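Before any comments, here is the structure.
Protein chains: 2
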Amino acid sequence: MSECNNIYSDKKVVTVNGREYQWPTQPTVVVCFDGCDPEYIEAASQAGLIPNLDKMRSDGFAGKALASMPTFTNPNNISIVCGVSPNVHGVSGNFYFDRETGKDVMMVDSTPVRAPTLLSAFSRAGAKVVAITAKDKLRKALGKNLDGIAFSAEKANEATETENGISNVEALVGRNAPNQYSADLSLFVLDAGIKLLETTQPDISYLSLSDYVQHKHAPNDPEALEFMVAVDQRLGKILSLGAQLGIVADHGMSDMADAEGNPRIVYLSDQLDREFGAGNCRVICPITDPFVRHHGALGGFVRIHLMNADIAIQDVLRFVRNIPGVALALPRDEVCLMFEVADDREGDIAVIAIKGVALGASETDHDLSQLSGVRLRSHGGLTEQAVPFITSIPININPTHRLRNFDIFFALLNGAI
Amino acid sequence: MSECNNIYSDKKVVTVNGREYQWPTQPTVVVCFDGCDPEYIEAASQAGLIPNLDKMRSDGFAGKALASMPTFTNPNNISIVCGVSPNVHGVSGNFYFDRETGKDVMMVDSTPVRAPTLLSAFSRAGAKVVAITAKDKLRKALGKNLDGIAFSAEKANEATETENGISNVEALVGRNAPNQYSADLSLFVLDAGIKLLETTQPDISYLSLSDYVQHKHAPNDPEALEFMVAVDQRLGKILSLGAQLGIVADHGMSDMADAEGNPRIVYLSDQLDREFGAGNCRVICPITDPFVRHHGALGGFVRIHLMNADIAIQDVLRFVRNIPGVALALPRDEVCLMFEVADDREGDIAVIAIKGVALGASETDHDLSQLSGVRLRSHGGLTEQAVPFITSIPININPTHRLRNFDIFFALLNGAI
Numbered sequence: 001m002s003e004c005n006n007i008y009s010d011k012k013v014v015t016v017n018g019r020e021y022q023w024p025t026q027p028t029v030v031v032c033f034d035g036c037d038p039e040y041i042e043a044a045s046q047a048g049l050i051p052n053l054d055k056m057r058s059d060g061f062a063g064k065a066l067a068s069m070p071t072f073t074n075p076n077n078i079s080i081v082c083g084v085s086p087n088v089h090g091v092s093g094n095f096y097f098d099r100e101t102g103k104d105v106m107m108v109d110s111t112p113v114r115a116p117t118l119l120s121a122f123s124r125a126g127a128k129v130v131a132i133t134a135k136d137k138l139r140k141a142l143g144k145n146l147d148g149i150a151f152s153a154e155k156a157n158e159a160t161e162t163e164n165g166i167s168n169v170e171a172l173v174g175r176n177a178p179n180q181y182s183a184d185l186s187l188f189v190l191d192a193g194i195k196l197l198e199t200t201q202p203d204i205s206y207l208s209l210s211d212y213v214q215h216k217h218a219p220n221d222p223e224a225l226e227f228m229v230a231v232d233q234r235l236g237k238i239l240s241l242g243a244q245l246g247i248v249a250d251h252g253m254s255d256m257a258d259a260e261g262n263p264r265i266v267y268l269s270d271q272l273d274r275e276f277g278a279g280n281c282r283v284i285c286p287i288t289d290p291f292v293r294h295h296g297a298l299g300g301f302v303r304i305h306l307m308n309a310d311i312a313i314q315d316v317l318r319f320v321r322n323i324p325g326v327a328l329a330l331p332r333d334e335v336c337l338m339f340e341v342a343d344d345r346e347g348d349i350a351v352i353a354i355k356g357v358a359l360g361a362s363e364t365d366h367d368l369s370q371l372s373g374v375r376l377r378s379h380g381g382l383t384e385q386a387v388p389f390i391t392s393i394p395i396n397i398n399p400t401h402r403l404r405n406f407d408i409f410f411a412l413l414n415g416a417i
Numbered sequence: 001m002s003e004c005n006n007i008y009s010d011k012k013v014v015t016v017n018g019r020e021y022q023w024p025t026q027p028t029v030v031v032c033f034d035g036c037d038p039e040y041i042e043a044a045s046q047a048g049l050i051p052n053l054d055k056m057r058s059d060g061f062a063g064k065a066l067a068s069m070p071t072f073t074n075p076n077n078i079s080i081v082c083g084v085s086p087n088v089h090g091v092s093g094n095f096y097f098d099r100e101t102g103k104d105v106m107m108v109d110s111t112p113v114r115a116p117t118l119l120s121a122f123s124r125a126g127a128k129v130v131a132i133t134a135k136d137k138l139r140k141a142l143g144k145n146l147d148g149i150a151f152s153a154e155k156a157n158e159a160t161e162t163e164n165g166i167s168n169v170e171a172l173v174g175r176n177a178p179n180q181y182s183a184d185l186s187l188f189v190l191d192a193g194i195k196l197l198e199t200t201q202p203d204i205s206y207l208s209l210s211d212y213v214q215h216k217h218a219p220n221d222p223e224a225l226e227f228m229v230a231v232d233q234r235l236g237k238i239l240s241l242g243a244q245l246g247i248v249a250d251h252g253m254s255d256m257a258d259a260e261g262n263p264r265i266v267y268l269s270d271q272l273d274r275e276f277g278a279g280n281c282r283v284i285c286p287i288t289d290p291f292v293r294h295h296g297a298l299g300g301f302v303r304i305h306l307m308n309a310d311i312a313i314q315d316v317l318r319f320v321r322n323i324p325g326v327a328l329a330l331p332r333d334e335v336c337l338m339f340e341v342a343d344d345r346e347g348d349i350a351v352i353a354i355k356g357v358a359l360g361a362s363e364t365d366h367d368l369s370q371l372s373g374v375r376l377r378s379h380g381g382l383t384e385q386a387v388p389f390i391t392s393i394p395i396n397i398n399p400t401h402r403l404r405n406f407d408i409f410f411a412l413l414n415g416a417i
């Protein structure tokens with residue numbers, strides 16, 4: 001499928017991946033509120049801390065939408081900017097195991113994205129388009145073929161006209177690029193988006209935050225509430241600049257620790273090695289990348305590749321399905337059917353944990369030292385699939401439409417779905 | 001929404017519930033192969049017992065499709081004849097608890113079906129339409145507003161021209177109406193469909209079988225294989241009469257017994273009563289009807305209604321999610337979003353079991369005596385959602401379309417989806 005076949009525009013309608021988008025009649029901003037489980041908004045709203053979000057919820061549209069599976073950052077950000085599910089764009093996590101070559105393939109740059117983005121399509125049709133991400137690795141994918149501005153907060157100081165369509169970002173925002181592991185990383189994204197709205201009035205802005213805060217803090221923690229206040233103030237600023245605004249999340253967030261605060265983890269590789277022999281079942285944790293085992297690398301979704309043809313998939317399925325903490329184990333064809341993921345980037349078996357449990361490979365693969373006293377919070381499974389879907393304008397939504405987070409641009413630009 | 005607004009026809013295209021169906025150019029037969037997990041077809045095919053199904057699989061299209069949730073008979077049969085998901089037609093099981101009136105409402109006749117069926121629409125546009133079901137209760141729903149023939153094998157001897165559009169069915173088929181609990185109930189449906197094809201050449205036939213055999217027998221049991229042979233012979237007869245044929249199932253089937261043959265059951269009501277006080281959480285098992293507790297009434301999906309406003313739904317969710325055997329517990333808004341079910345016919349919480357486990361209400365509600373030596377086999381959850389989707393003609397299916405069992409008429413009549 002050629003990408004060119006998927007883009008068509010006549011300055012009134014831009015068609016991307018089979019969906020027709022109306023040309024924006026006012027600056028249109030979508031914020032991907034990384035890891036913003038609906039509970040964060042509920043908690044902050046009940047505390048009376050987010051007047052701008054509350055106003056959007058009462059004046060515009062507010063509901064829940066389904067994120068793409070697995071509920072990780074990359075598949076969902078790419079789905080949102082492509083307007084379609086992962087079986088079209090192909091991004092299934094941070095990396096995948098290529099069955100043909102037997103190699104791990106990174107999915108953190110633009111190479112594996114095999115569908116055009118609507119950001120690229122609008123930019124090529126003449127719209128002023130901006131994409132700002134928290135981390136730089138995602139920027140490369142979101143900025144694919146984008147004829148506009150695309151940079152990350154993480155590497156704001158390295159942005160160049162040639163590579164990013166902009167330079168001197170730190171001067172624009174008025175402060176230095178923040179630390180990659182900080183709440184300010186997200187706020188910098190929003191502040192940069194606001195400055196560009198003020199100065200260049202982009203037609204379309206995509207602002208993708210970081211879930212650093214949500215991984216560390218529960219919805220009612222002071223740090224989480226403080227972060228919600230800071231985000232809400234910036235959303236108010238965006239609205240005051242005359243933009244129409246849509247907010248979705250890439251995934252929710254679940255507490256995965258027990259009453260004593262110990263992480264609840266199923267080390268699937270260890271169990272499979274004991275049952276079927278060492279190395280016969282390879283467990284891929286697509287929340288992480290294959291080399292750096294940072295942040296525990298633990299989520300609610302993993303893939304199993306059978307490395308020995310003598311092992312029957314039905315035996316592995318039966319075994320995994322009866323491990324306490326496992327909600328669902330599906331063969332590849334069924335996981336592709338159920339969750340619209342790409343066949344060639346799935347394992348032989350997909351495994352999804354129950355809420356509150358993380359799936360890991362081998363105990364030795366995961367460095368839990370960084371948790372030190374902090375409860376494990378993560379995502380990846382079915383119970384982080386329902387995310388907020390909030391727009392500043394009313395949207396006429398068919399009540400029988402299965403609303404997805406990647407419908408957000410369509411809803412904002414077309415006013416109906 | 002008026003039903004009339006949902007039907008339009010000009011003798012070339014019939015539009016029902018927003019989908020356009022081409023007028024059949026040859027007799028079109030859809031068989032709903034009740035409880036036909038893909039494993040039944042695999043087992044019989046590997047044993048070389050189903051040449052007609054094998055020929056369909058090689059010459060036409062064969063894949064898997066998703067059934068509607070919960071994976072029970074009524075929601076899926078109605079979805080198939082409406083061509084849409086349960087949030088449009090409203091049927092969510094055999095009965096539901098009406099939150100407004102506090103009463104159990106049966107869903108075994110046509111009353112709760114709030115969308116038109118394509119069978120009715122085609123019949124009113126002048127097509128000769130036949131609907132034959134195994135049990136009579138489903139016939140009333142499938143035959144709603146049908147201007148044609150609609151009867152059940154169970155009550156074949158009671159069919160009248162006025163009520164069913166046909167009489168003397170036993171004479172037509174050449175034998176008496178079979179026992180409701182027999183393999184012959186399904187075969188009688190097929191035989192009656194064949195006789196009508198021979199005598200009156202209906203444009204559209206819908207033949208809905210019973211899962212009596214699959215509830216009792218695993219795919220490789222001699223009884224199951226024998227049943228597959230009998231069905232396959234009749235499918236061959238249908239094809240030899242010049243019909244185009246589509247086969248789907250309403251749900252799969254899972255073994256729910258342990259190594260010793262004892263049923264694996266979570267009695268949710270008993271656990272909830274102990275935790276939250278007796279009667280505060282009402283558990284609805286929509287696989288059954290509210291009065292007759294036959295067949296164990298056990299499946300992989302139940303609903304919880306909170307009967308006491310002092311009980312916090314989050315506490316119940318947390319408790320249920322950590323019961324061993326529970327895969328997923330979702331609040332109503334999320335289960336509606338995820339599975340396209342009707343809000344007013346759901347509970348406060350939907351609970352789905354892991355594969356191989358049944359959910360029950362209270363131990364005293366379920367009569368297991370009928371199992372006597374037979375392993376419990378049932379359905380209702382996510383792991384019975386992937387079902388066979390087989391057509392005698394090639395279908396051009398978009399590989400990124402999330403194929404549903406209720407796409408079968410659309411695929412057969414339009415040749416593409």
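Chains as they are written, first to last, in the UniProt record's numbering: chain A, 1 to 417; chain S, 1 to 417.
Cβ coordinates follow ideal geometry from the N, Cα and C atoms, glycine included.
Note that the coordinates shown come from a computational prediction; the quantities given were computed from them, not determined experimentally.
Worksheet entry | Interface flag, G261(S) vs chain A, CB-CB below 8 Å | Under the Cβ criterion of 8 Å, G261(S) is not counted among the residues facing chain A.
Worksheet entry | E384(A) versus V335(A), A249(A), D315(A) and V351(A), residue with shortest Cα-Cα distance | A249(A)
Item to complete: Sort out for me which residues DSSP pairs Q22(S) with in a bridge.
Response: Per DSSP, the beta bridge partners of Q22(S) are V13(S).
Practice prompt. Note down, in chain order, all residues in the segment 335-346 of chain S with a beta-carbon under 8 Å from any beta-carbon belonging to chain A.
Written response: L337, M338 and E340
Item to complete: Return the CA-CA distance between K195(S) and E170(S), expressed in angstroms with no decimal places.
Response: 11 Å
Worksheet item: Counting contacts by CB-CB distance shorter than 8 Å, is T400(A) in contact with chain S?
Response: yes
Practice prompt. Taking the CB atoms as reference points, tell me whether G93(S) and P388(S) lie closer together than 8 Å.
Written response: no
Worksheet item: Exposed or buried, what is I408(S) when buried is set at 16 or more other beta-carbons lying within 10 Å of its beta-carbon?
Response: With 16 or more other Cβ atoms from the protein chains shown falling within 10 Å of its own Cβ, I408(S) counts as buried.
Worksheet item: What do you get for I313(A), buried or exposed, if any count of 16 or more other CB atoms within 10 angstroms of its CB means buried?
Response: The residue is exposed, with fewer than 16 neighbouring Cβ atoms inside 10 Å.
Fill in: Residue environment, V105(A), which counts as buried when at least 16 other CB atoms sit within 10 Å
exposed
Worksheet item: Leaving out five residues before and five after A257(A) in sequence, what residues of the same chain have Cβ atoms less than 7 Å from its Cβ?
Response: P263, R264, R375 and L376
Item to complete: Could you tell me the boundaries of the beta strand (DSSP E) in which N105(A) lies?
Response: Just to set this straight, residue 105(A) is Val in the shown sequence, not Asn. From DSSP, the beta strand (DSSP E) with V105(A) extends over K103 to M106.
Discussion item. Check whether chain S comes within 8 Å of D333(A), counting only Cβ atoms and requiring the distance to be less than that.
Written reply: yes
Discussion item. If I follow the unbroken alpha helix (DSSP H) through A358(S), where does it start and stop?
Written reply: Segment A358 to G360 is the beta strand (DSSP E) holding A358(S); no alpha helix (DSSP H) there.
Worksheet item: Taking the alpha-carbon positions, what's the A342(A) to S208(S) distance?
Response: 33 Å
Discussion item. Less than 7 Å between C-beta atoms, sequence neighbours within five positions excluded: which residues of the same chain meet that for I166(A)?
Written reply: Around I166(A): I149, F151 and A159.
Worksheet item: C285(A) lies in the beta strand (DSSP E); which residues open and close that run?
Response: C285(A) -> no beta strand (DSSP E), and no H or E assigned at all.
Discussion item. Going by DSSP in three states, S79(A) sits in which element: helix, strand or coil?
Written reply: In the three-state scheme derived from DSSP, where H, G and I count as helix and E and B as strand, S79(A) is classed as helix.
Fill in: Residue nearest to E340(S) in terms of C-alpha spacing, selected from P24(S), P27(S) and N76(S)
N76(S)
Discussion item. Contact between the segment 231-248 of chain S and the segment 51-64 of chain S is defined here as three or more beta-carbon pairs at a separation below 8 Å; is this criterion met?
Written reply: yes
Fill in: Inter-residue Cα distance where the pair is A259(A) and V357(A)
13 Å
Worksheet item: In the segment 112-175 of chain A, which residue ranges form an unbroken beta strand (DSSP E) of at least 3 residues, counting only runs that do not cross its ends?
Response: 129-133 and 149-152
Worksheet item: Where does C281(S) land, buried or exposed, given buried means 16+ other C-beta within 10 angstroms?
Response: buried
Fill in: Contact check, S254(A) vs H89(A), beta carbons under 8 Å
no
Worksheet entry | Exposure of Q214(S), with buried meaning 16 or more beta-carbon neighbours within 10 Å | buried
Item to complete: Note down the Cα distance separating G360(A) from G300(A), rounded to an integer number of angstroms.
Response: Whole-angstrom Cα-Cα distance: 9 Å.
Fill in: Cβ of T272(A) within 8 Å of any chain S Cβ
The residue you asked about is not Thr; residue 272(A) is Leu in the sequence shown. L272(A) does not count as touching chain S.
Worksheet item: At a Cβ threshold of 8 Å, is Q214(A) touching chain S?
Response: no
Discussion item. I believe A141(A) touches D109(A) by the beta-carbon criterion, under 8 Å. Please report the beta-carbon distance rounded to the nearest angstrom.
Written reply: 6 Å
Worksheet entry | N94(S) (DSSP reduced to helix, strand or coil) | coil
Discussion item. In this structure, how does DSSP classify G277(S) when only helix, strand and coil are distinguished?
Written reply: coil
Worksheet item: What distance in whole Å lies between the Cβ atoms of Q244(S) and S392(S), which are believed to be in contact at a cut-off of 8 Å?
Response: The beta-carbon separation of S392(S) and Q244(S), rounded to 5 Å, stays under the 8 Å limit for a contact.
Worksheet item: Given I41(S), which residues of its chain have a CB within under 6 Å of its CB, disregarding the five upstream and five downstream residues?
Response: Listed in chain order, the non-local C-beta contacts of I41(S) below 6 Å within the same chain comprise P388, local neighbours out to five positions each way being set aside.
Practice prompt. Assign H366(S) to one of three DSSP states: helix, strand, or coil.
Written response: coil
Discussion item. With a threshold of 6 Å on Cβ separation, who are the neighbours of D191(A) within its own chain once the five nearest residues in sequence on each side are excluded?
Written reply: A distance below 6 Å between beta-carbons, with the five flanking residues on each side excluded, links D191(A) to the following residues of its chain, in chain order: V173.
Worksheet item: Who are the neighbours of L66(S) on chain A, taking C-beta pairs under 8 Å?
Response: L337 and M338
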